[in-house]
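Here's the structure we're looking at; comments come further down.
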Amino acid sequence: MAHKKSAGTSKNGRDSNPKYLGIKLTPGSMAQAGSVLVRQRGSDVLAGKNVSMGKDHTLFALKDGVVALNYKRKIHFDNKVIKKKIMSVLSKV
365 MAHKKSAGTS
375 KNGRDSNPKY
385 LGIKLTPGSM
395 AQAGSVLVRQ
405 RGSDVLAGKN
415 VSMGKDHTLF
425 ALKDGVVALN
435 YKRKIHFDNK
445 VIKKKIMSVL
455 SKV
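Residue numbering for the sequence shown follows this note's numbering, beginning at 365 and increasing consecutively.
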């Protein structure tokens, strides 16, 4: 009895396409209205001033300006203090 699989079968021959997640505009760079700042799964980075969040948690700029990244201390549901990233677009006025 053969102990080899027949030709053409493979158990780990699957792969998914890359999703290209991450920060697209770094802090200090210029953002135009509508430009994507962060693509993410879940709200790892929160939306600040002049930034809005899409239905897939993508952050995008509402106005032209300079990208800024700040941190905010938030109390979690189990009373742990966590630091959340907040991305904002500061007007260039």
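Backbone N, C-alpha and C define an ideal beta-carbon position, used for all residues, glycine too.
Query: Contacting residues, own chain, Cβ-Cβ under 7 angstroms from R403 (five flanking each side not counted); Result: Y384, L385, G386, K388, T422
Query: Proximity below 7 angstroms, CB of G412 to CB of S455; Result: no
Query: Those residues which DSSP pairs with A432 across a bridge; Result: S452
Query: 8 angstroms contact criterion, which P391 and L433 should meet: CB distance rounded; Result: 4 angstroms
Query: Contact under 7 angstroms by Cβ, S393 with V431; Result: yes
Query: Residue nearest to D428 in terms of C-alpha spacing, selected from N381, D442, L401; Result: L401
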